[in-house]
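See below for the structure under consideration.
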Amino acid sequence: MQKRKSSADELIALILSGIEEVKGLDVNLLDLRDIENTVCDYFIICNGTSNTHVNAIVGSIQKTVSKAIQDKPWHVEGSDNAEWVLMDYVNVVVHVFQKQVREYYDIEGLWGDAKVTSVESSFNQ
Numbered sequence: 019m020q021k022r023k024s025s026a027d028e029l030i031a032l033i034l035s036g037i038e039e040v041k042g043l044d045v046n047l048l049d050l051r052d053i054e055n056t057v058c059d060y061f062i063i064c065n066g067t068s069n070t071h072v073n074a075i076v077g078s079i080q081k082t083v084s085k086a087i088q089d090k091p092w093h094v095e096g097s098d099n100a101e102w103v104l105m106d107y108v109n110v111v112v113h114v115f116q117k118q119v120r121e122y123y124d125i126e127g128l129w130g131d132a133k134v135t136s137v138e139s140s141f142n143q
């Protein structure tokens, strides 16, 4: 099977769809392209309510992206304790947190120069 090149926009849409599928919370998209020396172009940050929910979000993202564009993360880290799972799709890095861990590390605060887009969900929180 030929793996086709997907755009960052398509990858982001698929990741957001995967998060939405299992009701990931408080989703933000950080655009890092105008910041010098960044490791990627975008961060997607969200949180789950428990380690089970965090792992469900990660699984849903992987399934959604793999099914649509036959792509998988270059690296996934943190699945064992599922307090903070990082999924590296090279130009897009996904951070799935438990709420208290997200507040502690404050990725949005660390990357304060990034353009932040809050992603609305279609379900009530």
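Sequential numbering from 19 applies to the sequence shown in the numbering used here. Just so it is clear, CB atoms sit at the ideal spot from N, CA and C, and this is done for glycine as well.
* To do: For my contact list, T67 and S35 are in at a C-beta cut-off of 8 Å; report their separation, rounded to the angstrom.
  => So it is not a contact: roughly 20 Å between Cβ atoms.
* Give a yes or no on whether the C-beta atoms belonging to I75 and G42 are separated by under 8 Å. => yes
* With distances taken Cα to Cα, identify the nearest neighbour of L128 among G77, K117 and T56. => T56
* To do: Let me know if N99 comes out buried or exposed under the rule of 16 or more other beta-carbons within 10 Å of its beta-carbon.
  => exposed
* Asked: Excluding sequence positions up to five away, which residues of its chain have a Cβ less than 6 Å from the Cβ of I53?
  -> D131
* Asked: Is L48 near V110, with beta carbons less than 8 Å apart?
  -> no
* Asked: Which value, in whole angstroms, describes the spacing of the CA atoms of L50 and N73?
  -> 26 Å
* Pull up the distance between the alpha-carbon of P91 and that of N65, whole angstroms please. => 19 Å
* Asked: Counting along the chain, where does the beta strand (DSSP E) carrying S136 start and finish?
  -> K133 to V137
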